[in-house]
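Here the structure comes first, spelled out in structure tokens, and everything after it is commentary.
There are 2 protein chains.
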Amino acid sequence: MAEIKGEDLLCCASPERLAQQEGERVTVEGCVHNIRELGGIAFVILRTGRYLIQTVHDQSVCQKSLSELEDGCYASVTGKVRLEKRAEGGVEILMEDFKVLSRPAAPYPLNMADRSLKATLGTNLEYRTVALRHPRERAVFRIMEGIENGFREFMLANDFAEIHSPKITAISAEGGAEVFRLKYFGADAVLAQSPQFYKQMSVAFFGRVFEVGEVYRAELHNTSRHLNEYVGLDFEMGYIRDMYDVMNMETAMLRHVMAYLEAHYQPEIRLLGVRLPKVETIPSVRFADALAYLKTVGGGKNRNDLTADDEVLLCDHIRRKSGSEFVFVTHFPTAKRPFYVMDNPENPKEAFSFDLLFRGLEITTGGQRIHDYEMQVAKMRTRGMDPVDFESFLTAHRHGLPPHGGLGIGLERLTAKLCDLANIRQASLFPRDINHLVP
Amino acid sequence: MAEIKGEDLLCCASPERLAQQEGERVTVEGCVHNIRELGGIAFVILRTGRYLIQTVHDQSVCQKSLSELEDGCYASVTGKVRLEKRAEGGVEILMEDFKVLSRPAAPYPLNMADRSLKATLGTNLEYRTVALRHPRERAVFRIMEGIENGFREFMLANDFAEIHSPKITAISAEGGAEVFRLKYFGADAVLAQSPQFYKQMSVAFFGRVFEVGEVYRAELHNTSRHLNEYVGLDFEMGYIRDMYDVMNMETAMLRHVMAYLEAHYQPEIRLLGVRLPKVETIPSVRFADALAYLKTVGGGKNRNDLTADDEVLLCDHIRRKSGSEFVFVTHFPTAKRPFYVMDNPENPKEAFSFDLLFRGLEITTGGQRIHDYEMQVAKMRTRGMDPVDFESFLTAHRHGLPPHGGLGIGLERLTAKLCDLANIRQASLFPRDINHLVP
Chain A
1 MAEIKGEDLL
11 CCASPERLAQ
21 QEGERVTVEG
31 CVHNIRELGG
41 IAFVILRTGR
51 YLIQTVHDQS
61 VCQKSLSELE
71 DGCYASVTGK
81 VRLEKRAEGG
91 VEILMEDFKV
101 LSRPAAPYPL
111 NMADRSLKAT
121 LGTNLEYRTV
131 ALRHPRERAV
141 FRIMEGIENG
151 FREFMLANDF
161 AEIHSPKITA
171 ISAEGGAEVF
181 RLKYFGADAV
191 LAQSPQFYKQ
201 MSVAFFGRVF
211 EVGEVYRAEL
221 HNTSRHLNEY
231 VGLDFEMGYI
241 RDMYDVMNME
251 TAMLRHVMAY
261 LEAHYQPEIR
271 LLGVRLPKVE
281 TIPSVRFADA
291 LAYLKTVGGG
301 KNRNDLTADD
311 EVLLCDHIRR
321 KSGSEFVFVT
331 HFPTAKRPFY
341 VMDNPENPKE
351 AFSFDLLFRG
361 LEITTGGQRI
371 HDYEMQVAKM
381 RTRGMDPVDF
391 ESFLTAHRHG
401 LPPHGGLGIG
411 LERLTAKLCD
421 LANIRQASLF
431 PRDINHLVP
Chain B
1 MAEIKGEDLL
11 CCASPERLAQ
21 QEGERVTVEG
31 CVHNIRELGG
41 IAFVILRTGR
51 YLIQTVHDQS
61 VCQKSLSELE
71 DGCYASVTGK
81 VRLEKRAEGG
91 VEILMEDFKV
101 LSRPAAPYPL
111 NMADRSLKAT
121 LGTNLEYRTV
131 ALRHPRERAV
141 FRIMEGIENG
151 FREFMLANDF
161 AEIHSPKITA
171 ISAEGGAEVF
181 RLKYFGADAV
191 LAQSPQFYKQ
201 MSVAFFGRVF
211 EVGEVYRAEL
221 HNTSRHLNEY
231 VGLDFEMGYI
241 RDMYDVMNME
251 TAMLRHVMAY
261 LEAHYQPEIR
271 LLGVRLPKVE
281 TIPSVRFADA
291 LAYLKTVGGG
301 KNRNDLTADD
311 EVLLCDHIRR
321 KSGSEFVFVT
331 HFPTAKRPFY
341 VMDNPENPKE
351 AFSFDLLFRG
361 LEITTGGQRI
371 HDYEMQVAKM
381 RTRGMDPVDF
391 ESFLTAHRHG
401 LPPHGGLGIG
411 LERLTAKLCD
421 LANIRQASLF
431 PRDINHLVP
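The listed protein sequences derive, respectively, from chains A and B.
Using the working numbering, the first residue of the first sequence is number 1, and each one after it goes up by one.
Using the working numbering, the first residue of the second sequence is number 1, and each one after it goes up by one.
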């Protein structure tokens, strides 16, 4: 394997790495986050790509005047590293020289020095490229990066092939009306609501596949838990015995994701106070049983699905009972599940379908799919669908698919829950909702 | 770190791993790729998610009749592993039992047993979910997976943050007419032609970012090197001194990608005869000098850009001269480069912009960007653009950006070149071109 580091650039050095260079002269690059003058010396906090690094300006050591530095300018600072336990990260740099690399044309409309960004969600989104400069705001997206790459590392190690399926499609996976429509060289097209069809087709040749990609839902929701464009973590696995194989794979994957975050994202975990859940055996409850319980506590009003309130009630109950912050709900009513889901042959009113709830929120929908051509065509017909409209999808079934199942996870939802965010928009760099197409 | 393997499932075992279990009883799952009967015994080749595994049916060992197996059915086979140097991978399984997991409703319209798939491109795309079952066809996408994940591993190790930018956008990065348009809750929207604006905005808070994501171009091209939806590998890095920092980063990245492929994708490298290029120092030539050379060999007809023929001629020349299969072309004429590119202050007619050519094909466009607010506004005005239309983009410049540059790589192009494919469509699972919206 070739050397992985391109060049030894210090724009990204952690305080721990700097501490190893105690007494040495280094150059660090970043944005001037904050300047505090204190009796002849000044503390200039540099915001690098991931850290806050304390540098100290002392006129007796550094020839250049402090007045050349201002909040929001980008600069490189050269000086000796010294340990200083009062500084963030336990290290500081005594400035000998600095160079201003660029200057802003206007000051920030938001205050970066507060420990948390003091702005309404509306203001945060309006000045999004400024809000994201706040250490806590941007840290959310490192946690997201960790979830995604823990997921990917697990999938690749377990022989899932990474795929990219088209997002401009002729057909809609869920068959619903809530799709974004566009013209594709004169033809009617829609943006994919999920990679469902492509994942299933790909199981035919890869056995196991996963995808990380955008998903589009033209839903008119305006809630704290919906986005109209989001990132889906999807996988689909062949050769399963039943949907429990899928649920076990998800459990092992989540265990790995939490370990990956623990290993690689300590700065953000500390900054945001992220509480990583223990992922042991995840309890599983049938939908009918969940509904029966929910009715005893004033919930369960929808006989075919869980409401947002039900999800909270059920998670609380399971956590009290078992200690688990996750719970699988299985065997949802067939009526509310898509046509490609396999029904329970012993009770066709229930589907081999599940949700995973985490801290009161559904983060996954999954299940076993129909792999048999005749069975899939028959189920389409009972739903009044014309198999001809799904010809290219059904080609995979016609020429053979192994038994398979899979799931989809909303990356922003899982991130928001882990970071305990009040609104899912804070877990999207540039969120798309019914009011936001910009930036 | 938690254990990474979910469960020890043999649907994905390599021949090497099976060989370690010589003499043991194992179960392997796959699709029946081919059956050859030979004097009382039969060789049943199983196509697993990545390999071809030879199994042997001998009626004296296996009670079940061979007639239950057919081409294209999915099956699990149980038997003892033995070394057999004539088998692919040097190992075979002597069947003791098997179980058919699913059967196709119709035979394949294409022959899987040929060493290469004998089908025109049209037929290949028409029966795409069948064509991709051919070992060579699908292997292309493992190489693609390796390029992507070698890229990602390098980026993460070099402190680039992974981002996801929205693909439904209000504005077009390149300002051109060749965009897919859609309505977004009543507003006019377009599909992103690149993550350019979002990458630049993200440099403000992450310093270095990368993205792997779909890119949309509504170009009417119908060539062997264009797709209308493709995957871009993009990065953008802050604190650069000049565009050579970007080019050096790309060189180191490509070196890592080739090493990553070498380490993890030997089965596909052998199957496809992939010739991995040596990535040492990549030669660099100015556009003006390239043009002067090209004119001496009958090319260089376009004074502002390289034609497809020019790219081939130039690559041949450089390879003969230096041995490198890559060449950077730098300092393209400003006129043909986007408004966000930084011009050479000593000669504003040329831009700090480059392409990377590989084996006769442009696979990257990159350069240094304008980070200064006033400079960016002034350049927009000279081009007749109204800065008001780019307000959200310019907010990042107004409040400060470090000097930065970056690039975009077409994943399918690099894959197609590495695998020596005649048409880029073979490097897209489900390609989108002016004639294909299905599957």
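Cβ atoms here follow ideal geometry from the backbone N, Cα and C, with glycine treated the same way.
Inset, instruction - Using 10 angstroms around the beta-carbon of T129(B), count the other beta-carbons present and answer buried if the total reaches 16, otherwise exposed. - result: Position 129 of the second sequence holds residue 129(B). Flag for T129(B) reads buried.
Legend entry - G299(A), buried or exposed, once every other Cβ within 10 Å from all chains shown has been counted against 16: Here residue 299(A) refers to the residue found at position 299 when the first sequence is read from its first residue. Buried, since its Cβ has 16 or more Cβ neighbours within 10 Å.
Legend entry - Residue closest to R47(B), alpha-carbon to alpha-carbon, out of V28(B), V81(B), K199(B): What you label residue 47(B) is simply residue 47 of the second sequence in a count that begins at 1. The shortest C-alpha separation from R47(B) is found at V28(B).
Legend entry - Beta-carbon proximity list for H33(A), same chain, < 7 Å, skipping 5 on both sides: Your numbering for residue 33(A) matches position 33 in the first sequence. Counting only Cβ-Cβ distances below 7 Å, and skipping sequence neighbours, we find I45, L46, R47, L52, M112.
Inset, instruction - With 8 Å as the limit, tell me which residues of the stretch 155 to 169 of chain B have their beta carbon closer than that to any beta carbon of chain A; keep them in chain order. - result: Cβ contacts with chain A come from L156, A157, N158, D159, A161, E162, I163, H164, S165, P166, K167, I168, T169.
Inset, instruction - Answer yes or no: does any C-beta atom of chain A fall closer than 8 Å to that of M451(B)? - result: Because chain B spans 1 through 439 in this model, residue 451(B) falls outside it and cannot be assessed.
Inset, instruction - Verify the CB distance criterion: does A187(B) have a CB-CB separation below 8 Å to chain A? - result: Position 187 of the second sequence, counted from the start, is the residue given in the question as residue 187(B). Yes, A187(B) counts as interfacial toward chain A.
Legend entry - Residues near P277(B) in its chain [Cβ-Cβ closer than 6 Å; skip 5 each side]: Mapped onto the second sequence, residue 277(B) falls at position 277. Excluding residues within five positions, the ones whose Cβ falls inside 6 Å are E325.
Legend entry - contact_flag[the stretch 378 to 396 of chain A, the stretch 244 to 252 of chain A] where n(CB pairs < 8 Å) is 3 or more: no
Legend entry - Outcome for P431(A) when other beta-carbon atoms lying within 10 angstroms are tallied against a minimum of 16: As a position in the first sequence, residue 431(A) is number 431, starting the count at 1. Under a 10 Å Cβ-count criterion, P431(A) is classified as buried, with 16 or more other Cβ atoms of the shown protein chains found around its own Cβ.
Legend entry - Buried or exposed by the 16-neighbour rule on C-beta atoms within 10 Å, applied to H396(A): As a first step, residue 396(A) is located in the first sequence; it is residue number 396 there, counting from the start. According to the sequence shown, residue 396(A) is Ala rather than His. Under this definition A396(A) is a buried residue.
Inset, instruction - Please confirm if I269(B) has its CB atom under 8 Å from at least one CB of chain A. - result: Within the second sequence, residue 269(B) is the residue found at index 269, counting from 1. No, I269(B) lies away from the interface with chain A (no Cβ there is under 8 Å from its Cβ).
Inset, instruction - Going by DSSP, name the residue or residues bridged to E211(A). - result: Position 211 of the first sequence holds residue 211(A). Among the bridge pairs identified by DSSP, E211(A) is matched with D234(A).
Legend entry - Contacts around E219(B), its chain only, beta-carbon distance under 6 Å, and the 5 residues preceding and following it disregarded: The residue given as residue 219(B) occupies position 219 in the second sequence. A distance below 6 Å between beta-carbons, with the five flanking residues on each side excluded, links E219(B) to the following residues of its chain, in chain order: E178.
Legend entry - Neighbourhood of R181(A) by C-beta, 6 Å cutoff - its chain only, sequence neighbours within 5 removed: Position 181 of the first sequence, counted from the start, is the residue given in the question as residue 181(A). The answer, listed in chain order, is V190.
Legend entry - Sequence-distant residues of the same chain with beta carbon closer than 7 Å to R495(A), five excluded per side: Coverage of chain A is limited to positions 1 through 439, which leaves residue 495(A) absent and any answer about it impossible.
Inset, instruction - Express the C-alpha separation of R303(A) and E236(A) in angstroms, rounding to a whole number. - result: If you number the first sequence from 1, residue 236(A) lands on position 236. If you number the first sequence from 1, residue 303(A) lands on position 303. Cα to Cα, the separation comes out at about 28 Å.
Legend entry - Assigned exposure category for G186(B) - 16 Cβ within 10 Å defines buried: The sequence position of residue 186(B) within the second sequence is 186, counting from 1. Looking at its Cβ environment, which holds fewer than 16 other Cβ atoms inside 10 Å, G186(B) is exposed.
Inset, instruction - For my contact list, V341(B) and F352(B) are in at a C-beta cut-off of 8 Å; report their separation, rounded to the angstrom. - result: On the second sequence, residue 341(B) is found 341 positions in, with the first residue counted as 1. On the second sequence, residue 352(B) is found 352 positions in, with the first residue counted as 1. Indeed they touch by this definition, with Cβ atoms about 7 Å apart.
Inset, instruction - Can you check DSSP and say which residues form a bridge with P348(B)? - result: Locating residue 348(B) in the second sequence gives position 348, where the first residue counts as 1. DSSP, once it has assigned bridges, lists no residue as partnering P348(B).
Inset, instruction - Can you give me the Cβ contacts of R398(A) inside the same chain, cut-off strictly under 6 Å, excluding the 5 residues immediately before and after it? - result: Residue 398(A) sits at position 398 when you count from the first residue of the first sequence. Correct list, in chain order: Y373.
Inset, instruction - Express the C-alpha separation of R413(B) and N222(B) in angstroms, rounding to a whole number. - result: Within the second sequence, numbered from 1, the residue matching residue 222(B) stands at position 222. Within the second sequence, numbered from 1, the residue matching residue 413(B) stands at position 413. So the alpha carbons of these two residues sit roughly 15 Å apart.
Inset, instruction - Check whether the Cβ of N447(B) lies closer than 8 Å to any Cβ atom in chain A. - result: No answer is possible for residue 447(B): the residues shown for chain B start at 1 and end at 439.
Inset, instruction - Give a yes or no on whether 8 Å exceeds the smallest Cβ distance from S102(A) to chain B. - result: Here residue 102(A) corresponds to residue number 102 of the first sequence, with the count starting at 1. Yes, S102(A) lies at the interface with chain B (some Cβ there is under 8 Å from its Cβ).
Inset, instruction - Have a look at S284(A) and V215(A) and give me their C-alpha separation to the nearest angstrom. - result: Taking the first sequence and counting its residues from 1, one reaches residue 284(A) at position 284. Taking the first sequence and counting its residues from 1, one reaches residue 215(A) at position 215. S284(A) and V215(A) have their C-alpha atoms some 27 Å from each other.
Inset, instruction - Compare the C-beta of H331(B) against all C-beta atoms of chain A and say whether one is closer than 8 Å. - result: As a position in the second sequence, residue 331(B) is number 331, starting the count at 1. Not an interface residue.
Inset, instruction - Would you verify that the beta carbon of F43(B) is, or is not, closer than 8 Å to some beta carbon of chain A? - result: In the second sequence, counting from the first residue as 1, residue 43(B) sits at position 43. So no, F43(B) is outside the interface.
Legend entry - Host alpha helix (DSSP H) of D58(B) (start-end): Taking the second sequence and counting its residues from 1, one reaches residue 58(B) at position 58. From DSSP, D58(B) is part of no alpha helix (DSSP H) but of the beta strand (DSSP E) over 52 to 58.
Legend entry - Straight-line Cα distance separating V438(B) from E229(B): As a first step, residue 229(B) is located in the second sequence; it is residue number 229 there, counting from the start. As a first step, residue 438(B) is located in the second sequence; it is residue number 438 there, counting from the start. Rounded to whole angstroms, E229(B) to V438(B) spans 13 Å at the Cα level.
Inset, instruction - Check whether the stretch 190 to 210 of chain A touches the stretch 156 to 165 of chain A, counting contact only when three or more Cβ pairs, one atom from each stretch, lie closer than 8 Å. - result: yes
Legend entry - Identity of the residues DSSP links to H404(B) by a beta bridge: To locate residue 404(B), count along the second sequence from 1; it is residue 404. DSSP lists G238(B) as the bridge partner or partners of H404(B).
Inset, instruction - Since I believe G366(A) is in contact with G410(A) (beta carbons under 8 Å), could you give me their beta-carbon distance rounded to a whole number of angstroms? - result: Sequence index remark: in the first sequence, residue 410(A) carries index 410 (1-based). Sequence index remark: in the first sequence, residue 366(A) carries index 366 (1-based). Rounded to whole angstroms, the Cβ separation of G410(A) and G366(A) is 12 Å, and the two are not in contact under 8 Å.
Inset, instruction - Closer than 9 Å by beta-carbon distance: list the chain B residues that pair up with T395(A), in chain order. - result: Counted from its first residue, the first sequence places residue 395(A) at position 395. By Cβ distance, chain B contributes Y127, R128, T129, V130, P439.
Legend entry - Same chain, Cβ closer than 7 Å to S224(B), neighbours up to 5 away in sequence not counted: Your numbering for residue 224(B) matches position 224 in the second sequence. So the list reads A422, N423, I424, once near-sequence residues are dropped.
Inset, instruction - For Y74(A), I'd like the list of residues in its chain whose CB is within less than 6 Å of its CB, leaving aside the five on either flank, ordered along the chain. - result: Reading the first sequence from its first residue, position 74 is the one you call residue 74(A). Once the five neighbours on either side are set aside, the close Cβ partners of Y74(A) are C31, L101, S102.
Legend entry - T364(B) to G408(B) span [Cα, whole Å]: Within the second sequence, the letter at position 364 stands for residue 364(B). Within the second sequence, the letter at position 408 stands for residue 408(B). Rounded to the nearest angstrom, the two C-alpha atoms are 6 Å apart.
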